[in-house]
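Notes for the one structure printed next.
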Amino acid sequence: MGLFKTAEKMGFQWLKIINKDPRLDGMDDLSGMEIPLHYIFKLASHAIHLVVFYERSGNYLWHGPLRLKQHMDRKFVPFQKLHFGRYPGAYEKPELLHVSIDDLRVQIPKNPSSFLEEMSHSRFLECRYREARAFFQLYPDDASLDAVEFRIKAKSLLHSAALTLNNLGVKFWLSSGTCLGWYRQCNVIPHSKDVDLGIFIRDYKAEIIPAFQKAGLPLKHKFGKVEDSLELSFQGEEDVKLDIFFFYEEEDHIWNGGTQAKSGKKFKYFFPKFTLCWTEFVELKVHVPCETLQYVEANYGPDWNIPVKAWDWKSSPSNVQDNGVWPVSEWDDVIQIY
Amino acid sequence: MEEWKPNPAVKPHKKRSWYLAWKYKLMNQRALRKLCQTGAVLFLLVTVIVNIKLILDTRRAAYEEEEESAQDYDDEVLNVEVPRHPVNNKKVLDVEVYSSRSKVYVAVDGTTVLEDEAREQGRGIHVIVLNQATGHVMAKRVFDTYSPHEDEAMVLFLNMVARGRILIFTIKDEGSFHLKDTAKSVLKSLGSQVAPFLSWRDMWTFVGKKGGEVYGEKHAKSPALSTWGDPVLLKTEVHLTSVEDAECHWPDTELNRRRKRFCSKVEGYGSVCSCKDPTPIEFNPDPLKDNKVFDVPVAVIAGNRPNYLYRMLRSLLSAQGVNPQMITVFIDGYYEEPMDVVELFGLSGIQHTPISIKNARVSQHYKASLTATFNLFPVSETAAAQGGLLNSFLSFLSQSIHLLEEDESLYCISAWNDQGYEHTAEDPSLLYRVETMPGLGWVLRKSLYKDELEPKWPTPEKLWDWDMWMRMPEQRKGRECIIPDISRSYHFGIVGLNMNGYFHEAYFKKHKFNTVPNVQLKNVESLRKDAYETEIHRLLGEAEVLDHSKNPCEDSFVPDTEGKVYVMFIRMEQEADFTTWTQLAKCLHIWDLDVRGNHKGLWRLFRKKNHFLVVGVPASPYSSKKPSSVTPIYMEPPAKEEGAVAVPAVAAAEQT
Numbered sequence: 001m002g003l004f005k006t007a008e009k010m011g012f013q014w015l016k017i018i019n020k021d022p023r024l025d026g027m028d029d030l031s032g033m034e035i036p037l038h039y040i041f042k043l044a045s046h047a048i049h050l051v052v053f054y055e056r057s058g059n060y061l062w063h064g065p066l067r068l069k070q071h072m073d074r075k076f077v078p079f080q081k082l083h084f085g086r087y088p089g090a091y092e093k094p095e096l097l098h099v100s101i102d103d104l105r106v107q108i109p110k111n112p113s114s115f116l117e118e119m120s121h122s123r124f125l126e127c128r129y130r131e132a133r134a135f136f137q138l139y140p141d142d143a144s145l146d147a148v149e150f151r152i153k154a155k156s157l158l159h160s161a162a163l164t165l166n167n168l169g170v171k172f173w174l175s176s177g178t179c180l181g182w183y184r185q186c187n188v189i190p191h192s193k194d195v196d197l198g199i200f201i202r203d204y205k206a207e208i209i210p211a212f213q214k215a216g217l218p219l220k221h222k223f224g225k226v227e228d229s230l231e232l233s234f235q236g237e238e239d240v241k242l243d244i245f246f247f248y249e250e251e252d253h254i255w256n257g258g259t260q261a262k263s264g265k266k267f268k269y270f271f272p273k274f275t276l277c278w279t280e281f282v283e284l285k286v287h288v289p290c291e292t293l294q295y296v297e298a299n300y301g302p303d304w305n306i307p308v309k310a311w312d313w314k315s316s317p318s319n320v321q322d323n324g325v326w327p328v329s330e331w332d333d334v335i336q337i338y
Numbered sequence: 001m002e003e004w005k006p007n008p009a010v011k012p013h014k015k016r017s018w019y020l021a022w023k024y025k026l027m028n029q030r031a032l033r034k035l036c037q038t039g040a041v042l043f044l045l046v047t048v049i050v051n052i053k054l055i056l057d058t059r060r061a062a063y064e065e066e067e068e069s070a071q072d073y074d075d076e077v078l079n080v081e082v083p084r085h086p087v088n089n090k091k092v093l094d095v096e097v098y099s100s101r102s103k104v105y106v107a108v109d110g111t112t113v114l115e116d117e118a119r120e121q122g123r124g125i126h127v128i129v130l131n132q133a134t135g136h137v138m139a140k141r142v143f144d145t146y147s148p149h150e151d152e153a154m155v156l157f158l159n160m161v162a163r164g165r166i167l168i169f170t171i172k173d174e175g176s177f178h179l180k181d182t183a184k185s186v187l188k189s190l191g192s193q194v195a196p197f198l199s200w201r202d203m204w205t206f207v208g209k210k211g212g213e214v215y216g217e218k219h220a221k222s223p224a225l226s227t228w229g230d231p232v233l234l235k236t237e238v239h240l241t242s243v244e245d246a247e248c249h250w251p252d253t254e255l256n257r258r259r260k261r262f263c264s265k266v267e268g269y270g271s272v273c274s275c276k277d278p279t280p281i282e283f284n285p286d287p288l289k290d291n292k293v294f295d296v297p298v299a300v301i302a303g304n305r306p307n308y309l310y311r312m313l314r315s316l317l318s319a320q321g322v323n324p325q326m327i328t329v330f331i332d333g334y335y336e337e338p339m340d341v342v343e344l345f346g347l348s349g350i351q352h353t354p355i356s357i358k359n360a361r362v363s364q365h366y367k368a369s370l371t372a373t374f375n376l377f378p379v380s381e382t383a384a385a386q387g388g389l390l391n392s393f394l395s396f397l398s399q400s401i402h403l404l405e406e407d408e409s410l411y412c413i414s415a416w417n418d419q420g421y422e423h424t425a426e427d428p429s430l431l432y433r434v435e436t437m438p439g440l441g442w443v444l445r446k447s448l449y450k451d452e453l454e455p456k457w458p459t460p461e462k463l464w465d466w467d468m469w470m471r472m473p474e475q476r477k478g479r480e481c482i483i484p485d486i487s488r489s490y491h492f493g494i495v496g497l498n499m500n501g502y503f504h505e506a507y508f509k510k511h512k513f514n515t516v517p518n519v520q521l522k523n524v525e526s527l528r529k530d531a532y533e534t535e536i537h538r539l540l541g542e543a544e545v546l547d548h549s550k551n552p553c554e555d556s557f558v559p560d561t562e563g564k565v566y567v568m569f570i571r572m573e574q575e576a577d578f579t580t581w582t583q584l585a586k587c588l589h590i591w592d593l594d595v596r597g598n599h600k601g602l603w604r605l606f607r608k609k610n611h612f613l614v615v616g617v618p619a620s621p622y623s624s625k626k627p628s629s630v631t632p633i634y635m636e637p638p639a640k641e642e643g644a645v646a647v648p649a650v651a652a653a654e655q656t
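So the protein sequences, as listed, match chains A and B.
Mapping to UniProt numbering: the first sequence position 266 is 266, numbers consecutive.
Mapping to UniProt numbering: the second sequence position 141 is 141, numbers consecutive.
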């Protein structure tokens with residue numbers, strides 16, 4: 001190609017990193033088309049790192065990790081110092097601006113600080129397609145009309161929720177059954193009843209409830225309070241609901257609360273500390289805990305890979321603990337059902 | 001009773017095994033014991049170290065995603081040349097060719113490159129083309145010259161093979177019955193002495209170089225009409241030439257490098273591999289003004305028909321407004337030759353492991369292709385090409401695609417008119433709304449596929465035709481497709497999952513295709529839901545009611561005018577009553593295997609260059625236009641169907 005010949009003529013040495021196209025990974029047995037992920041051009045002690053971004057379903061840009069193949073020169077450039085490539089990354093599609101720098105016409109993101117800000121939390125996790133296929137070998141997927149319908153509704157609900165929360169600037173991630181579905185089978189679990197999301201309590205905004213209302217998702221119930229065990233539930237179309245769990249961070253663990261409406265009993269669900277990574281789920285760019293296995297195991301125990309059709313949120317999770325009872329005087333505040 | 005008394009003279013019998021004796025002897029020597037123990041411990045240590053090293057190595061390799069063999073990251077060398085068959089560094093090939101009634105085989109240097117002993121198939125002349133420098137198989141064909149016209153196909157093929165190639169011929173069962181003189185003389189010109197005299201049930205093998213020497217020929221005449229000739233086995237040697245002699249010397253450009261890779265690997269593509277003036281493989285079609293389809297991904301659905309794919313890609317790449325970057329060819333199976341064709345044109349190809357069988361296999365291939373296309377191009381529409389696309393396909397699409405984006409009542413846009421035959425289609429600028437979905441050359445909205453169809457797509461064990469499934473009311477949900485009066489895509493030919501010669505003749509041969517470039521589509525906005533109703537009412541108002549006492553099947557039913565609009569009313573008791581329509585379609589020689597082309601009980605076509613409207617009464621809402629004096633025509637199916645084609649479930653033909 002012209003670019004490489006010209007670069008060579010100018011004295012550059014260059015390196016190309018290619019790998020399988022992850023957009024085809026989710027599909028059974030398509031011949032891998034390898035795509036270029038990174039190029040490094042070196043001249044004397046300068047290096048230009050060309051990161052190749054691909055647009056993916058879910059309206060975001062993705063770049064791949066930089067992994068050297070066996071025969072490549074590990075000393076070609078100080079790879080550890082490169083800003084991109086330690087992990088695959090996901091970014092919002094930036095609007096680009098044409099500028100002139102040193103008489104060179106280049107394009108830069110219209111909002112450079114916002115793009116740069118994304119870098120520190122851009123890490124992307126690919127869905128575990130191979131393991132999902134293995135899972136479906138053992139537990140064939142439910143192809144009934146009900147399952148298909150539920151999946152369609154859940155996807156639509158998730159898209160609405162994501163849109164609403166993104167507009168508010170509230171960070172959220174896939175939690176509980178929805179997270180398990182992503183981790184275990186790269187899809188919505190057909191027998192799960194609702195869509196579960198997690199939000200850190202420090203990110204809570206009072207505008208959340210009216211925003212969902214405006215988006216056509218009225219509040220169904222509100223348990224707990226901002227200071228303790230907050231939980232919101234919104235009504236989606238037909239009988240699919242959206243459960244939002246608020247997570248409280250402690251020194252060495254994270255927890256979220258649950259409330260049983262009729263008895264006022266409180267429950268606490270414990271998780272080891274986790275950070276958030278991006279992934280793609282039902283054509284949406286969403287967060288999941290980076291340490292997903294730990295998270296899933298905390299919630300579902302070591303047998304998370306075995307589907308359980310009858311799940312009782314009060315007793316089935318492995319990490320649930322009784323947390324006392326709400327004082328009756330507070331019931332009006334902490335148990336609100338519409 | 002006697003008493004037994006011990007004999008004091010005899011020593012006590014110590015019966016001890018040799019092994020035990022040896023063991024006790026050893027155990028009593030401490031030094032030896034110590035040595036053995038140390039030895040055992042050392043051995044254990046060594047094993048543990050080796051295992052640890054192995055684990056570390058494997059982990060490191062897994063972390064770095066170890067590749068197979070050294071991959072040169074030089075951009076120029078894209079494909080490691082993998083020879084199809086083991087190549088010796090010999091200068092001579094040993095060729096064996098066998099011909100008999102029930103079995104043929106060809107072996108090159110001990111490797112069988114052709115073997116056919118299946119019953120009831122593979123009859124005729126088998127032809128293999130070898131590369132004269134490497135001995136690789138470049139093409140394999142079989143021409144059933146027992147049947148008519150196959151010899152013509154063979155002549156066409158042989159004429160396209162480059163000079164210098166090694167040709168191998170062998171007959172299975174019978175290959176002379178329809179081997180006409182033209183073919184015989186072509187074979188003679190290749191050096192065959194026997195071909196002009198080949199006759200009934202003779203066995204024959206021949207190896208020769210095109211335009212060069214003969215390497216061997218063997219023949220066995222059939223002694224009597226009821227018997228076959230004896231099997232013949234020809235063993236001969238073929239001298240290989242140098243690689244330079246086997247290749248053309250085109251100027252060194254990127255295009256020619258692709259051409260060289262292709263032409264050294266496959267044969268039978270004619271002038272694209274000619275040394276002088278090879279057919280171009282890059283096209284610079286005129287750009288389309290205001291091109292709305294430049295960013296629409298095109299999925300080409302292909303099977304193992306590389307020659308058809310070649311013609312199809314040529315026509316697609318010459319289409320006005322095409323953007324080769326948006327084209328992906330999906331091949332149903334890991335076939336090399338179609339992939340070679342894709343690479344020749346510099347396009348991307350994806351091979352798909354076939355899942356399931358028969359029509360379910362086709363349906364899974366479509367699903368994989370559509371999902372992959374939308375994954376690779378997360379944009380709004382995709383055009384799926386199957387069969388051929390005419391030059392005017394993209395122009396047609398560019399002018400109509402905005403309707404798909406804006407009108408929710410539309411299911412698809414297709415370039416194929418099921419009822420568009422030579423005698424029933426006239427106007428290249430005319431569009432219709434129809435309730436059926438033609439399976440050739442269509443465009444789908446991404447949201448339709450991702451949100452509605454993909455989640456419900458039939459699973460691999462369901463033996464359904466994908467397009468029949470798409471036409472079902474549960475999927476279509478009352479939406480319609482836009483089609484042109486004159487098709488902009490064509491259907492490929494005879495062999496395929498749902499095809500046979502008769503079917504092709506009857507339903508596809510006389511289809512009308514658009515050859516006029518740059519057609520401006522008329523009145524595109526009138527294809528929107530409500531606007532279309534206005535247009536229909538206008539047409540019906542203008543239409544002259546024909547004389548319903550005459551027989552609609554006769555030519556005289558329509559007056560000898562041109563450019564007028566006529567309307568006829570047929571009986572249609574309820575929405576699904578197509579009794580009369582089917583009979584009418586049959587006698588007009590248009591598609592009658594199922595009901596296509598209707599819009600609310602109305603069909604539109606042309607007869608004798610007049611626009612001809614057919615309204616089903618009383619089911620169609622347009623029945624109100626019928627004058628009270630007119631009785632809708634009723635046609636009953638005859639008691640016994642003559643010449644009925646026993647084709648149970650029919651879909652638009654597939655290219656598999």
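All residues carry an ideal CB built from backbone N, CA and C; glycine is no exception.
Below 8 angstroms on C-beta distance, what does Ala143 (chain A) contact in chain B? By one-based count along the first sequence, residue 143 (chain A) stands at place 143. In chain order: Thr459.
Thinking just about the alpha-carbon of each residue, which of B:Ala133, B:Phe143 and B:Glu150 is nearest to the one in Arg165 (chain B)? Counted from its first residue, the second sequence places residue 165 (chain B) at position 165. Cα-wise, what sits closest to Arg165 (chain B) is B:Ala133.
Closest to Asn307 (chain B) by C-alpha separation, out of B:Val322, B:Gln325, B:Ser318 and B:Met339, would be which residue? In the second sequence, residue 307 (chain B) corresponds to position 307, counting from 1. Nearest neighbour of Asn307 (chain B) by Cα position, chosen from B:Val322, B:Gln325, B:Ser318 and B:Met339, turns out to be B:Met339.
Mind reading off the beta-carbon distance from Pro231 (chain B) to Tyr98 (chain B)? Whole number of angstroms is fine, and I expect it under 8 angstroms. Taking the second sequence and counting its residues from 1, the one referred to as residue 231 (chain B) is at position 231. Taking the second sequence and counting its residues from 1, the one referred to as residue 98 (chain B) is at position 98. About 7 angstroms separates the two Cβ atoms, so the contact holds.
Name the one or two DSSP bridge partners that Pro231 (chain B) has. Position 231 of the second sequence, counted from the start, is the residue given in the question as residue 231 (chain B). Answer is none; Pro231 (chain B) lacks a bridge partner.
Distance check for His589 (chain B) and Gln583 (chain B), CA to CA, integer angstroms please. For the purposes of this step, residue 583 (chain B) is taken as residue 583 along the second sequence, with counting starting at 1. For the purposes of this step, residue 589 (chain B) is taken as residue 589 along the second sequence, with counting starting at 1. Going by the C-alpha atoms only, they are around 10 angstroms apart.
So residue 727 (chain B) packs on Ser274 (chain B), CB below 8 angstroms; how close in whole Å? There is no way to answer for residue 727 (chain B), as the model of chain B reaches only from 1 to 656.
Could you name the residues of chain B that Val286 (chain A) contacts, counting a contact when the two beta carbons are closer than 8 angstroms? Sequence index remark: in the first sequence, residue 286 (chain A) carries index 286 (1-based). Simply none; closest approach about 16 angstroms.
Got a sec: is the Cβ-Cβ distance from Met10 (chain A) to anything in chain B below 8 angstroms? Residue 10 (chain A) sits at position 10 when you count from the first residue of the first sequence. Met10 (chain A) does not count as touching chain B.
Where does Val80 (chain B) sit, in a helix, a strand or coil, going by DSSP? For this step, residue 80 (chain B) is matched to residue 80 along the second sequence. Because the pLDDT at Val80 (chain B) is just 36, under 50, the model does not fix this residue reliably, and the point stays unresolved.
Thr205 (chain B) in three-state terms, based on DSSP: As a working note, residue 205 (chain B) is residue 205 in the second sequence. Note: Thr205 (chain B) maps to strand in three-state DSSP.
Can you find a C-beta in chain B that's less than 8 angstroms from the C-beta of Met119 (chain A)? Mapped onto the first sequence, residue 119 (chain A) falls at position 119. At least 8 angstroms separates the CB of Met119 (chain A) from every CB of chain B.
Taking Glu381 (chain B) as the reference, which of B:Asp555, B:Trp442, B:Lys626 and B:Val296 has the closest Cα? Along the second sequence, read from residue 1 onward, the residue named residue 381 (chain B) stands at position 381. Minimum Cα distance to Glu381 (chain B) is reached at B:Val296.
The region 532-564 of chain B: positions lying closer than 9 angstroms to chain A by Cβ: none
Positions along the region 42-62 of chain A whose CB lies within less than 8 angstroms of some CB in chain B: Glu55, Arg56, Ser57, Gly58 and Asn59
Given that a residue counts as buried once 16 or more other Cβ atoms are within 10 Å of its Cβ, and exposed if not, what is Thr205 (chain B)? Numbered from its first residue, the second sequence carries residue 205 (chain B) at position 205. By the neighbour-count rule (16 or more Cβ atoms within 10 Å), Thr205 (chain B) is buried.
Just to confirm my understanding: we take Met470 (chain B), look at its own chain, exclude 5 residues before and 5 after, and list those with CB closer than 6 angstroms. What are they? Within the second sequence, numbered from 1, the residue matching residue 470 (chain B) stands at position 470. Hits under 6 angstroms: Met437.
Rounded to a whole number of angstroms, what is the C-alpha to C-alpha distance between Ile413 (chain B) and Asn523 (chain B)? As a working mapping, residue 413 (chain B) is identified with position 413 in the second sequence. As a working mapping, residue 523 (chain B) is identified with position 523 in the second sequence. In a straight line, the C-alpha of Ile413 (chain B) is about 16 angstroms away from that of Asn523 (chain B).
Could you tell me if Val106 (chain B) is buried or exposed, where buried requires 16 or more neighbouring beta carbons within 10 angstroms of its beta carbon? Along the second sequence, one-based indexing puts residue 106 (chain B) at 106. By the neighbour-count rule (16 or more Cβ atoms within 10 Å), Val106 (chain B) is buried.
For Arg479 (chain B) and Val341 (chain B), I'd like the C-alpha separation in whole angstroms. Stepping through the second sequence from its first residue, residue 479 (chain B) is reached at position 479. Stepping through the second sequence from its first residue, residue 341 (chain B) is reached at position 341. Taking the straight line from one Cα to the other gives about 37 angstroms.
With 8 angstroms as the limit, tell me which residues of the region 351-364 of chain B have their beta carbon closer than that to any beta carbon of chain A; keep them in chain order. Gln351, His352, Thr353 and Ile355
Nearest to Gln399 (chain B) by CA position, among B:Tyr19, B:Leu430 and B:Asp451, is which residue? Working through the second sequence from its first residue, we reach residue 399 (chain B) at position 399. The candidate whose alpha carbon is nearest that of Gln399 (chain B) is B:Leu430.
Quick check on Ser31 (chain A) - is its C-beta less than 8 angstroms from some C-beta in chain B? Residue 31 (chain A) sits at position 31 when you count from the first residue of the first sequence. Yes, its Cβ sits closer than 8 angstroms to a Cβ of chain B.
Mind the definition here: the region 246-256 of chain B touches the region 312-325 of chain B only if three or more C-beta pairs lie below 8 angstroms; say whether that holds. no
Note down, in chain order, every chain A residue with its Cβ under 7 angstroms from the Cβ of Thr371 (chain B). Taking the second sequence and counting its residues from 1, the one referred to as residue 371 (chain B) is at position 371. Under the 7 angstroms cutoff, chain A gives Met27.
Residue from A:Glu250, A:Asn299 and A:Tyr39 whose Cα sits closest to the Cα of residue 345 (chain A): With chain A running from 1 to 338 in the structure shown, residue 345 (chain A) is simply not present.
Flag Phe374 (chain B) as yes if its beta-carbon sits less than 8 angstroms from any beta-carbon of chain A, otherwise no. Within the second sequence, residue 374 (chain B) is the residue found at index 374, counting from 1. For Phe374 (chain B), the answer is yes, since a Cβ of chain A falls inside 8 angstroms of its Cβ.
Per DSSP, cross-strand counterpart(s) of Cys412 (chain B): Here residue 412 (chain B) corresponds to residue number 412 of the second sequence, with the count starting at 1. In DSSP, Cys412 (chain B) forms a bridge with B:Cys481.
List the whole-angstrom C-beta distance separating Phe136 (chain A) from Ile199 (chain A), where the pair is believed to meet the contact cut-off of C-beta under 8 angstroms. For this step, residue 136 (chain A) is matched to residue 136 along the first sequence. For this step, residue 199 (chain A) is matched to residue 199 along the first sequence. Going by Cβ atoms, the distance from Phe136 (chain A) to Ile199 (chain A) rounds to 31 angstroms, so no, they are not a contact pair.
Indicate the three-state DSSP secondary structure (helix, strand or coil) for Val207 (chain A) in the structure shown. In the first sequence, counting from the first residue as 1, residue 207 (chain A) sits at position 207. The sequence given here places Glu at residue 207 (chain A); Val does not occur at that position. Residue state, collapsed to three classes: coil.
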